[in-house]
Amino acid sequence: IPRYEERLRCLHIISTYRERVDDVSNSIEIITNASIAVTNSKRFKQLLRMILALGNFLNRGKRNGNAHGFTLASLRLLTDVRNSLRSDRNLLHYIVEQIENKKSDVLRLKRDLESVYQAARHSRKELEQELCALRKSIKIVTEALQASELVNEHDTWNDEYDRSVDRFVSVLKNFLNSAKNDFEQVDKQYGEMNIKFRICVEMFAEQSRTTSPDDFFGVISKFLTALTECHQQIWEERENLERLKKQTMARLVKLKIDSCNIMARIAIGFII
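Next up, the structure:
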């Protein structure tokens, strides 16, 4: 069959194109949703303000003790500042305890930013590469269509081959009609994603051109994981202390009852 490899390449593109477009569209939607969630999260902003206030308090009298802000990358350092009395505790544990006492609602932050975890898995470079690959796929099929139509014009093949060429041309035309529209939609979606991501990133004084979603949301997702773990550790420790307290109280009550029983027996003995 003439142009056999070209036909196979086109058929492979046609069979996989829809799935590839859907994958790119889903990735774009995830990043867009995460950008909107972080931008609109009041709890996240409250938490950052509390961390800034604490940082200024701890650094009072020093050069950086009156900071107006800090980079998101600094959130990674919170778990590095250890408690001098307890090696298993760090500054983030203290922050969680302060939040519980003052603004416990902030600890529901993870609910606001669930989309951040998925967004941290997607990079701008990979999205751009896949968009370029989709554009190239359309170009390949377009060139194959033009070549096949040229064969039809010359009409130098037998009837059976002419019919197969006609079917192939029809398949390519139908595909290109929908594929070009799908690509325009996903390309527009990508542009809207970049706008939402830029607004989000620049709100935190980061450079949108050089910052990739996997890096930006990766910092936030790791911080949220550490925050959740610290909160869980504090909660478990309190539960254990409460359990020990109840066990101790139960023993004291039992001792008191046993003591009363003994005294009662002694009293009965005296009476007898």
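First residue of the sequence shown: 1, per the UniProt record's numbering; consecutive thereafter. Beta carbons: idealized from backbone N, C-alpha and C, even for Gly.
Margin query: Taking its Cβ as the centre, do 16 or more other Cβ atoms sit within 10 Å of S178, making it buried, or is it exposed?
Written below: exposed
A120 versus C10: straight-line alpha-carbon distance, rounded:
33 Å
* Who are R82's beta bridge partners in DSSP? -> N90
**Item:** the region 100 to 120 / the region 52 to 71 touching (three or more Cβ pairs under 8 Å)
**Value:** no
- If we ignore side chains and look at the alpha-carbon of each, how far apart do E239 and N194 end up? 45 Å
task = Could you tell me which of S208, K188, E242, C230 sits nearest to R89, measuring between CA atoms?
result = C230
Practice prompt. Indicate the three-state DSSP secondary structure (helix, strand or coil) for A67 in the structure shown.
Written response: coil
- Query: Less than 8 Å separating the beta-carbons of S25 and V219?
  - Reply: no
| field | S137 and V169 closer than 8 Å at C-beta | value | no
Quiz item: What separation, rounded to the nearest whole angstrom, lies between the Cα atoms of S27 and F70?
Solution: 29 Å
inquiry  = Can you find the residues in the same chain that come closer than 6 Å, C-beta to C-beta, to V116, ignoring five residues on each side of it along the sequence?
reply    = A34, F217, I220, S221
(request) Give the single residue among F223, S123, F183 whose Cα lies nearest to the Cα of I31. (result) S123
| query | Measuring CB to CB, does T228 end up less than 8 Å from K45? | reply | no
Practice task
Could you tell me the boundaries of the alpha helix (DSSP H) in which D112 lies?
Solution key: 109 to 112
| said: Less than 7 Å between C-beta atoms, sequence neighbours within five positions excluded: which residues of the same chain meet that for V81? | reply: N90, L91
Buried or exposed for D182, please, with buried defined as at least 16 other CB atoms from any protein chain shown within 10 angstroms of its CB. buried
Exercise for review: Kindly give me the distance between the Cβ atoms of Y94 and L131, rounded to whole angstroms, as I take these residues to be in contact under 8 Å.
Suggested key: Contact doesn't hold; Cβ gap of about 45 Å is too wide.
**Message:** Whole angstroms are fine: how far does the CA of R251 sit from the CA of L224?
**Reply:** 40 Å
- Quick one: what's got a C-beta closer than 7 Å to L75's C-beta in the same chain, skipping five residues either side? V219, F223
Does DSSP put F204 in a helix, in a strand, or in coil?
coil
Who are the near neighbours of C200 in its chain, counting only those whose CB is closer than 6 Å to its CB and skipping five residues on each side?
-> S35, V38, T39
| Going straight from the alpha carbon of S212 to that of V21, what length do you get? | 21 Å
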